[in-house]
Amino acid sequence: MLMKQARRRARAFALQAVYQWLLAGGEAAEISRCIQHAPGFSKADRSHFNALLHGILQNSQSLDLQIAPNLDRAINVLSPVEHAILLIGAYELMHYPDIPYRVVINEAVELSKIFGGADGYKYVNGVLDKLAARVRGSSLF
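Here it is as structure tokens:
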């Protein structure tokens, strides 16, 4: 149970970091230093946070290419919160096959409910569901 909570916190802090990067740019190390001083970070899975942040920033273009076919609008008109959540979900779907796709999608939906717009979670759910079917393929069934 503690591991789940620590990962959930890591995703929430990764969301804040990726959001900051989407809005202002910057280096992963500097963004990471700022976020790691936030209250509650000590209870997050530091390793998972770092993997998400560095992995997303290094692979943002390829992640966007994976996300884009599942969108009903251009990626550059997504809210930065939804974009960041989709990047986290896409990264986990593609780089963490040990995390069940339903967990990845559920965690993204929960982040959307907390940080996103009113119905943003529905959009995130639909996009990641399509992406999961494409990148995880037959392992979904």
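Adding 53 to a residue's 1-based position in the sequence shown gives its number in this note's numbering. For every residue, glycine included, the Cβ atom is placed at its ideal position computed from N, Cα and C.
Check: Helix or strand or just coil, what does DSSP make of GLU163?
Finding: Taking the sequence shown and counting its residues from 1, one reaches residue 163 at position 110. Here GLU163 sits in helix by DSSP.
Checklist line | Separation of TYR149 from ILE256, as counted between CA atoms | finding: As displayed, the chain neither begins before 54 nor continues past 194, which places residue 256 out of reach and without an answer.
Checklist line | Per-residue burial, GLN114 [other beta carbons within 10 Å of its own, 16 or more giving buried] | finding: Counting from 1 along the sequence shown, the entry for residue 114 is found at position 61. Its Cβ having fewer than 16 others within 10 Å, GLN114 is exposed.
Item checked: Check whether LEU116 and ALA81 have beta carbons under 8 Å apart -> Walking along the sequence shown from the start, residue 116 turns up at place 63. Walking along the sequence shown from the start, residue 81 turns up at place 28. For LEU116 and ALA81, no; Cβs fall outside 8 Å.
Check: If you draw a straight line from the C-alpha of HIS90 to the C-alpha of ALA59, how long is it?
Finding: For the purposes of this step, residue 90 is taken as residue 37 along the sequence shown, with counting starting at 1. For the purposes of this step, residue 59 is taken as residue 6 along the sequence shown, with counting starting at 1. The straight-line gap from Cα to Cα measures roughly 16 Å.
Item checked: ASP151 burial status per 10 Å Cβ neighbour count (16 or more: buried) -> Counting from one through the sequence shown, the residue named residue 151 turns up at place 98. By the neighbour-count rule (16 or more Cβ atoms within 10 Å), ASP151 is not buried but exposed.
Check: Where does the unbroken alpha helix (DSSP H) through GLN111 begin, and where does it stop?
Finding: Translated into positions along the sequence shown, residue 111 becomes position 58. Note, GLN111: alpha helix (DSSP H), 99-111.
Check: Between which two residues does the alpha helix (DSSP H) harbouring PRO153 extend?
Finding: For the purposes of this step, residue 153 is taken as residue 100 along the sequence shown, with counting starting at 1. Looking at the DSSP string, PRO153 is not in any alpha helix (DSSP H), and its letter there is neither H nor E.
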